[in-house]
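Its first residue numbered 69, the sequence shown is counted upward by one per residue in the numbering used here. Quick notes on the structure that follows.
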Amino acid sequence: MELHLTSEQTLLRDSAAKFSAAAGPQVARAWRGREPNFAPERLREAGELGWLGMLVPSAADGLGLGLTELALVLEQAGRGLVCEPIGLAAIAAAALAQGRAPHPMLQRAMRGEALVVPAMQESAHGGDPLAPATRAADNGRTPRLTGTKVSVCAGGAAGFLISAAGPDGPALYYVPRDAPGVHVAAAPTVEGRKLATLTLEAAPADIVPPRRSSRSAVEALTDLALVALSAELLGVMQGAQELTFAYLRIRKQFGKPIGSFQALQHKAVDIYIKTETTRSLLYQIAAANDPYRIDPELAVAVKAKASEDALAVTQACIQLHGAIGFTDEHDIGLYLKRAMLLSSLFGNAAAQRRRYAGIAGLAM
């Protein structure tokens, strides 16, 4: 798909590409197993560039941009294996800006001084985000949350945006990491960073009201997360493709570049088609939807496609590298591991298809 960008969007993409070029596989490899697994000063740099507040309305000191701009930045982040959680931080800032009065944490979150991340997943296999098992008890003063969230990118986080069943249905709450009753248990992933299980025992929380145009704050943040993760998965596919196609041009066998072999050309075409069809779907959805009111069917569809195709593309890229691609020392494996992590967050492809069937009223 050929994107027709404005001059401002082109500058934004090029700026994101420059930021991502300072990262790359070697930097990602160096951050594996560390806590936090990113450079806080780089997150602050992203805040200074305005990226963390790009979806925040200008009335709340944000840039007031849309999903296309978010996708352009996150595609480059995925392409460069950027470790800083720019996407999660940006959508959290957008959520904090929803009410009539922005949340007190908004300014710090937009500047990258404090990392706020969503904590909404309650099962490794997805589940219904609009029917959380976590409960909010309101004693008339401060809501208190009780429940468990999984697959939380808690490394370096100062607070969490948590979905819970409130008196009037599912609602979104902000909980500081150091609040009483908050317990964080982190475990390593195949990608090298840690995901946490967040246990809440009557933890005090602030409710985050929805934007007027949103169906609910929980649904708005969930669908926004699906689009953001899809954009980063697209970048992972693009980065793996570029690395692999370069290898096909320089690696020789029988005196010829292996890229001249028809069987490998066919597999390369499959990789290209999967990447471009994902790109086409993502940017069409981005152009047609408001960040605070994304069509849930489209958000689910793009996350299902991006999750499945990113795994297929990165696995095929490893195969095209031959035996060297299976070693941990080669950079191509980092793209597969990043795809495995991102595809699992907020539900993998199978979980998204189940949710799509429920939204569309289809029998499975």
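Here a beta-carbon is modelled for each residue, glycine too, at the ideal position from N, C-alpha and C.
For residue j and residue i, the rounded distance between their alpha carbons
i    : j    : result
H398 : T312 : 11 Å
P277 : Q166 : 6 Å
A354 : Q189 : 23 Å
A253 : F329 : 49 Å
G148 : G92  : 5 Å
R100 : K371 : 25 Å
V220 : V95  : 22 Å
R97  : Y403 : 11 Å
R421 : P186 : 22 Å
A158 : Q333 : 38 Å
F87  : P235 : 44 Å
R212 : I318 : 60 Å
G327 : L316 : 4 Å
L71  : E287 : 28 Å
L301 : A107 : 21 Å
A62  : A89  : Summary: the structure shown does not reach residue 62, with the chain confined to residues 69 through 432, and so no result is reported for it.
T202 : Y241 : 11 Å
L379 : K324 : 29 Å
S348 : E113 : 30 Å
M173 : M122 : 16 Å
G426 : F322 : 54 Å
G132 : S126 : 5 Å
P200 : A270 : 16 Å
E109 : G249 : 30 Å
D206 : T214 : 11 Å
G134 : P359 : 6 Å
R419 : A160 : The displayed chain sequence assigns Ala, not Arg, to residue 419. Between A419 and A160, the C-alpha separation is close to 22 Å.
Residues that residue i bridges to, as DSSP identifies them
i    : result
P278 : None; P278 has no bridge partner.
Y242 : L229 and D274
H251 : T267
K217 : L266
D129 : Per DSSP, none; premise fails for D129.
L183 : A225
A205 : R212
G237 : G234
K320 : P325
D363 : Bridge partners of D363: none, in fact.
Contacting residues, own chain, Cβ-Cβ under 8 Å from residue i (five flanking each side not counted)
i    : result
Q309 : I339, Y340, T343, V381 and C385
A222 : V185, A187, F228, R245, V252, A254, K262, L263, A264 and L266
A192 : V218, S219 and S412
H171 : L164, A165, Y242, D274 and V276
Own chain residues within Cβ distance below 6 Å of residue i, not counting five before or after
i    : result
T265 : V218 and A253
T210 : P272
G393 : I386 and I400
R81  : L140
A444 : No information on residue 444 is available, as it lies outside the stretch 69 to 432 that the chain covers here.
A130 : Note that residue 130 is Gly in the sequence shown here, rather than Ala. Same-chain partners within the cutoff: G121 and V124.
CA nearest to the CA of residue i, picked from the options
i    : options                   : result
E376 : A407, I362 and E365       : A407
D291 : K324, F228, A255 and L350 : L350
A204 : L123, A169, L268 and P172 : L268
L388 : T345, R102, A331 and L366 : A331
G208 : G224, D274 and L409       : D274
K335 : Q383, L289, D363 and K320 : Q383
E259 : A419, L409 and E103       : L409
T216 : A232, A226, Q306 and A225 : A232
A417 : A367, G390, Q352 and N105 : A367
A163 : G115, P104, L73 and R279  : R279
A428 : G415, E365, A419 and E116 : E365
A225 : A374, E103 and S83        : E103
A169 : L156, P200 and A128       : A128
V295 : A270, Q352 and L183       : Q352
A299 : A239, A391, L156 and A160 : L156
T257 : N105, A356, L79 and L183  : N105
R423 : L117, G390 and A369       : A369
Same chain only: Cβ atoms within 7 Å of residue i, ignoring 5 sequence neighbours per side
i    : result
Q77  : T136, E137 and L140
G303 : L142, E143, Q144, A145, G146 and R147
D363 : N357
Query - Cβ pair count under 8 Å reaching 3, the stretch 391-411 against the stretch 166-186 - result: no
Query raised in the report: Contact between the stretch 145-164 and the stretch 192-201: three or more CB pairs below 8 Å?
Result: no
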